Each structure stands twice: as structure tokens, then as C-alpha cells.
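S.K.: I have a structure here, written as C-alpha cells, and I will follow up with some questions on it.
Numbering (full-length UniProt numbering), first residue to last: 1 to 553.
See below:
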């Protein structure tokens with residue numbers, strides 16, 4: 001996509017456009033607004049606020065773990081912080097920002113559409129998230145949910161019942177938001193792309209969001225069912241998961257993980273889409289293996305539904321089931337590897353501009369490979385049984401989710417901030433942000449693998465003194481990560497109001513979002529664009545992008 005032309009015979013919105021103001025005021029971002037761009041920014045800002053809350057909880061946890069004794073957080077409060085840190089980071093930070101934020105802002109722009117298919121449904125989906133977040137925070141009035149983010153019974157049935165009820169209601173609301181948003185994305189991508197766009201001209205971010213949405217529609221209702229049954233056990237005297245009354249706690253684990261392992265792909269597939277947009281633009285080179293990347297997203301969507309039992313190898317799982325899910329877990333690594341190799345091949349020989357967006361994208365490659373390799377080891381039943389419920393697991397999923405998802409979110413913000421605001425983020429502050437984040441991530445989570453191999457259990461506030469040195473190193477890394485947010489926040493606030501003007505296309509991108517103004521018009525275009533070439537056709541003289549002259553990093 002896109003060098004786009006604007007022929008005079010393309011229909012415009014006529015009087016509809018005149019019903020809107022020329023630009024949204026800041027107050028409009030606090031209202032029930034149906035513009036997909038406003039909703040995208042609402043998602044991103046709200047998610048970042050919860051990221052700060054969850055991050056403060058993480059720092060408090062690491063302060064407690066700096067010493068073997070329980071001398072900073074009461075054990076019950078430690079359990080509540082641990083539970084809600086994971087809940088907030090997954091359900092209120094990564095998923096809403098990656099899918100809701102970038103997805104809502106970019107999908108119509110990349111398709112050449114005026115808006116999402118169902119604008120009001122889109123707004124409803126967003127406003128369920130702040131309500132869910134308030135329920136999570138309010139649960140601390142009643143002691144906070146203390147059963148871990150998995151909420152396994154019978155523990156979740158006997159600790160802080162009111163707080164646990166609020167936690168369940170919050171997750172059901174987030175799940176409902178995800179279902180509504182997914183329906184919207186699927187219909188929008190399938191039905192609303194500009195007529196001149198062929199399927200092999202669809203940006204890879206759109207393929208990633210399509211696969212993510214299908215996966216969410218298939219898996220989220222299963223989690224909702226499990227949580228509703230848990231809610232009944234907790235409040236209405238039923239015994240679906242009460243072992244002393246004939247309930248089956250393992251059934252809950254199946255219901256939970258049938259969603260919650262695909263949830264890893266709900267968090268990482270949109271990030272893969274962001275990577276596929278950032279890397280070719282800043283390497284000035286066509287994406288390597290377009291069809292392989294697109295089809296691998298769909299493959300992850302399918303195979304990702306058949307790996308959940310590797311979380312349950314120690315739950316009395318039969319031998320044949322362990323073998324099947326070990327194989328399926330190893331298979332799902334193949335389409336992920338296809339993407340990694342494609343991005344590396346795109347970088348190879350490219351004219352790389354080491355912008356902040358590109359630095360975070362390259363950092364993601366190293367982090368995700370590290371997390372992926374440790375994930376493959378845990379996908380094999382014998383090794384998983386050995387390290388189950390140790391800090392090896394904690395180190396693994398933080399490399400995948402923080403080193404993968406959060407690095408990708410940062411890459412996307414640095415890349416599309418000029419489109420959203422019309423101004424550039426400061427590159428010096430961006431590089432400082434990247435350096436602190438990269439160092440802090442490795443200092444925090446790399447030692448956890450060794451802690452796990454030595455046998456330190458997860459989810460405990462007090463531990464054997466032999467683990468103190470590595471824990472203190474992790475705590476120091478957590479402080480570095482906490483500090484890394486400061487230059488980013490300053491950069492965002494300052495650049496939004498006083499940053500360097502970016503022009504409409506500062507990165508010389510070829511996808512459709514770069515053919516409209518920065519920030520875009522309320523109706524996106526005066527006249528719908530016509531696609532004349534692919535979104536990654538860099539290096540071809542006939543595909544020079546519209547916008548300002550190319551600038552070096």
C-alpha cells in the first residue's frame with residue numbers, strides 16, 4: 001500500500017463530515033466517543049496508567065524479596081500484590097494496549113476505512129476496561145484477591161471472598177470487552193478494506209489482529225464460563241470446584257488454561273504485527289517472506305488452541321496426554337520461528353536507522369528468542385516437572401511478556417506517535433529509555449532462571465537465605481526498570497505539546513496510514529485512497545512514499 005492517489009470521482013462523506021468538528025478537543029478523550037482514533041488513544045493512555053500501578057506493585061514485591069524474611073509486606077498483602085500485579089499487567093496493560101490501543105487506532109487507517117464496522121460497540125468495549133480496573137483496585141478494600149492470577153480453587157474459595165468476587169467480575173468484564181472488540185476487528189478487516197486493496201497488500205499488522213481476534217472469540221468464552229462457575233461456588237453454595245463436596249479442581253484448570261495459554265498469543269500476536277511494520281520501515285527494505293509471516297499468524301491461531309495442558313503436567317495428567325501436548329507445544333514454536341527468521345532476514349543488508357522504535361524492535365528479537373528457548377525447554381514434560389512452580393517459570397514468561405510484548409508496545413509508540421500527535425518523540429530520551437529498559441530487563445529476569453534451577457519456589461515472600469544474592473540482583477534490576485519509565489513519561493508529555501513537528505510521513509512509510517495528515521482528519525481522508533502497490537515495496541523507484549523528505553536517524 002501505498003502510494004495512494006485521490007481521484008476526484010471517489011465518493012466523500014458529504015454532510016456527514018460537516019456534523020463533526022474540525023478536530024477533537026482534549027475533553028473529547030474523556031467522553032463516550034465513537035471515533036476509532038480517540039478510542040485507540042483512550043485504550044493506550046488508560047492501559048499505561050494501569051501499567052504504572054502494576055509496576056509499583058512489582059517494585060514492592062521485589063523490595064520484599066530483597067531479604068529472606070517478611071519485613072516489608074505482610075504475607076497476605078504480598079499475596080494480594082502478587083496476584084493483582086499479574087492480573088493488571090496482562091488484562092489491563094498488555095492486552096488493551098496491544099489490541100485495543102494500536103488495533104483500534106491503526107486498523108481502519110491501514111484498510112482505507114472511515115472507522116470500525118461498529119463504532120458504538122467499539123466505545124462500549126473500551127469503557128468496560130476502566131470499570132474492570134476500578135474493581136481490581138477496589139478489591140484491596142477487602143484484602144485483595146490472594147489466590148494468584150490463576151485463581152485456582154480451593155485456594156480462591158477460602159481467601160478474601162469479597163475481594164475474589166470483585167476480581168472475577170473484573171476479569172469477566174475484560175473478557176466481554178475482548179469479545180466485543182474481536183467481533184468488530186474481524187468484520188472490519190474482512191468487509192471494510194478499500195476496494196483497490198488486494199489481500200496480499202494487506203499490512204501484516206492487520207493479519208496479526210485478524211488471527212488474534214479469531215483466537216479471542218474461540219477461547220475467551222471458555223474462561224468466562226469457568227469464572228462464572230467459580231463465582232457460583234464462592235457465593236451461591238454450588239460445588240463445581242469444591243473437592244470436599246465432589247467438585248473437580250482440575251476441570252477449572254482446563255477451563256482456565258484453554259484461554260490463558262492462548263492469551264499469551266493474544267498478547268504477542270499484535271506485537272508480532274507491530275514488528276512487521278516497524279522493521280521494514282526503519283531498515284528501508286521489503287519485508288522478507290510476506291506470505292510466510294501472514295500464514296504463520298493464522299497457524300499460531302490454530303495450533304495455539306492445542307497446547308494448554310503443558311501448564312498441567314503436574315496435575316495428574318496421563319502419560320499419553322503429556323506426550324501429545326509436548327509435541328503440540330514444540331510445533332507451535334515453528335510458526336513463531338518463521339517470523340523471527342523473516343525479521344532477521346529483513347534486517348540483513350538493510351539500511352538500518354537506529355531510531356528508538358528500531359532499537360526496541362531489535363531488543364524484542366533478543367528478548368523473545370531468550371524467552372522462546374526457555375519456553376521450549378518447559379514444553380517438554382520431564383523438564384517442566386523439574387522446574388514447575390519455580391522461578392525458572394517466572395523468568396521465562398517475563399522474557400516473553402515483558403521482553404516481548406512491552407518492548408513491542410514501546411516500539412509501536414515511538415513509531416506511530418508522530419501519526420497520532422503530529423510531533424516526534426525526542427530520540428535522545430528514547431535511547432536513554434531503551435538502554436535502561438534493556439539493562440533492567442536482563443538484570444531482573446535472567447537471574448531468575450538460575451534461581452529456579454536451584455529450586456527457589458515462586459509465589460513466596462520468605463525463602464532460604466542461600467538465594468539472597470541473586471534475589472538482590474533481581475531487585476536492583478527491578479529498580480532500574482522502574483526508573484526507565486521516567487524518561488519515557490517525560491518524553492511523552494513534553495513531546496505531545498512541544499515536540500518537533502513530524503510532518504505527515506516522517507519515516508517514509510508505504511502503508512495507508514501514512515497517506516493522511518498527522519494527526520489524521522476526523523474522517524481519516526477527504527476522499528478514500530486508491531492502493532497502487534504493496535505496503536513493503538521499499539527500494540523501488542515507482543513506489544516513492546508521500547510525505548516529507550527522508551531523514552536519517
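Glycine included, C-beta positions come from ideal geometry on N, C-alpha and C.
Remember, it's a predicted structure, so these values are computed and weren't measured experimentally.
Rank 520, 515, 521 and 538 by C-alpha distance to the C-alpha of residue 531 and give the top, closest one.
M.R.: With distances taken between Cα atoms, residue 531 lies closest to 515.
S.K.: Can you check DSSP and say which residues form a bridge with residue 165?
M.R.: DSSP, once it has assigned bridges, lists no residue as partnering residue 165.
S.K.: Can you check which of these residues, 240, 103, 341 and 73, is closest to residue 269 by C-alpha distance?
M.R.: Ranking the options by Cα distance to residue 269, first place goes to 103.
S.K.: What are the complete alpha helix (DSSP H) segments, minimum 4 residues, inside the stretch 52-101?
M.R.: Listed in chain order, the complete alpha helix (DSSP H) runs (minimum 4 residues) inside the stretch 52-101 are 75-87.
S.K.: Could you have a look at residue 209 and say whether DSSP puts it in helix, strand or coil?
M.R.: DSSP places residue 209 in helix when its eight states are reduced to three.
S.K.: Three or more C-beta pairs under 8 Å: does that hold for the stretch 449-458 against the stretch 413-425?
M.R.: No: the two stretches stay apart, fewer than three of their Cβ pairs being nearer than 8 Å.
S.K.: Look at the Cβ atom of residue 358, then the Cβ atom of residue 98, and state whether they are nearer than 8 Å.
M.R.: No; because the gap between Cβ atoms is not below 8 Å, this pair is not in contact.
S.K.: For residue 524, does the three-state DSSP call read helix, strand or coil?
M.R.: Strand.
S.K.: Can you give the Cα-Cα distance for residue 317 and residue 327, rounded to whole angstroms?
M.R.: Looking at the two C-alpha atoms, the distance is approximately 15 Å.
S.K.: Excluding sequence positions up to five away, which residues of its chain have a Cβ less than 6 Å from the Cβ of residue 344?
M.R.: Taken in chain order, the list of residues that qualify is empty.
S.K.: Suppose you measure from the CA of residue 536 to the CA of residue 366; what does that come to, to the nearest Å?
M.R.: If I take the Cα positions, the gap works out to 23 Å.
S.K.: What three-state label does DSSP hand residue 530 in the structure shown?
M.R.: Residue state, collapsed to three classes: strand.
S.K.: Under a three-way DSSP split, which group does residue 322 fall into?
M.R.: Here residue 322 sits in helix by DSSP.
S.K.: Where do the ends of the alpha helix (DSSP H) carrying residue 479 lie?
M.R.: 468-498 is the span of the alpha helix (DSSP H), which, as asked, contains residue 479.
S.K.: Just checking my contact of residue 224 with residue 313 at CB under 8 Å: how many whole Å lie between their CB atoms?
M.R.: That belief does not hold up - the Cβ atoms of residue 224 and residue 313 are roughly 25 Å apart, past 8 Å.
S.K.: Per the DSSP calculation, residue 423 is bridged to which residue(s)?
M.R.: According to DSSP, which records beta bridges pairwise, residue 423 is partnered with 501.
S.K.: Using a Cβ-Cβ cutoff of less than 7 Å, which residues in the same chain neighbour residue 384 once the five nearest sequence positions on both sides are dropped?
M.R.: Cβ neighbours of residue 384 beyond the five flanking positions: 310, 313 and 378.
S.K.: Can you tell me where the alpha helix (DSSP H) holding residue 126 begins and where it ends?
M.R.: Counting along the chain, the alpha helix (DSSP H) containing residue 126 begins and ends at 119-138.
S.K.: Apart from the five residues on each side of it in sequence, which residues of its chain come closer than 7 Å, Cβ to Cβ, to residue 488?
M.R.: The answer, listed in chain order, is 433.
S.K.: Between residue 198 and residue 74, what straight-line distance do the alpha-carbon atoms span, to the nearest angstrom?
M.R.: Looking at the two C-alpha atoms, the distance is approximately 59 Å.
S.K.: Check the C-beta distance from residue 296 over to residue 335 and give it rounded, since I have them as a contact under 8 Å.
M.R.: So it is a contact: roughly 4 Å between Cβ atoms.
S.K.: Is the separation between the beta-carbon of residue 92 and that of residue 58 shorter than 8 Å?
M.R.: Taking 8 Å as the Cβ cut-off, residue 92 and residue 58 do not qualify as a contacting pair.
S.K.: What are the partner residues of residue 457, as DSSP defines its beta bridges?
M.R.: Paired residue(s): 390.
S.K.: Return helix, strand or coil for residue 401, following the three-state DSSP convention.
M.R.: In this structure, residue 401 counts as helix in the three-state DSSP scheme.
S.K.: Using only alpha-carbon positions, find the residue among 467, 411, 498 and 522 that is nearest to residue 69.
M.R.: Nearest option by C-alpha distance: 467.
S.K.: In terms of residues, what are the limits of the alpha helix (DSSP H) holding residue 512?
M.R.: It is not in any alpha helix (DSSP H) - residue 512 carries neither H nor E in the DSSP assignment.
S.K.: Cβ atoms of residue 54 and residue 89: under 8 Å apart, would you say?
M.R.: Contact: yes.
S.K.: Contact check, residue 452 vs residue 391 under 8 Å by CB: the rounded distance?
M.R.: Going by Cβ atoms, the distance from residue 452 to residue 391 rounds to 4 Å, so yes, they are a contact pair.
S.K.: Considering just the uninterrupted stretch of the alpha helix (DSSP H) at residue 291, what are its terminal residues?
M.R.: Where residue 291 is concerned, the enclosing alpha helix (DSSP H) stretches over 290-303.
S.K.: Report the rounded CA-to-CA distance for residue 538 versus residue 100, giving the unit in angstroms.
M.R.: C-alpha separation (whole angstroms): 29 Å.
S.K.: Sort 120, 124 and 169 by Cα distance to residue 137 and report the nearest one.
M.R.: Comparing Cα positions, the closest option is 169.
S.K.: Using the Cα positions of residue 505 and residue 124, report the straight-line distance between them to the nearest angstrom.
M.R.: Roughly 32 Å between the two C-alpha positions.
S.K.: Assuming residue 400 contacts residue 307 under a Cβ cut-off of 8 Å, what Cβ separation, rounded to an integer in Å, is found between them?
M.R.: With 8 Å as the limit, residue 400 and residue 307 do not qualify as a contact, their Cβ atoms being about 14 Å apart.
S.K.: Count the other CB atoms, across all protein chains shown, that sit within 10 Å of the CB of residue 322; report buried if there are 16 or more and exposed otherwise.
M.R.: Its Cβ being crowded by 16 or more others within 10 Å, residue 322 is buried.
S.K.: Buried or exposed: residue 555, going by 16 or more other Cβ atoms within 10 Å of its Cβ?
M.R.: Absent from the model: residue 555. The displayed extent of the chain is 1 to 553, so no value can be given.
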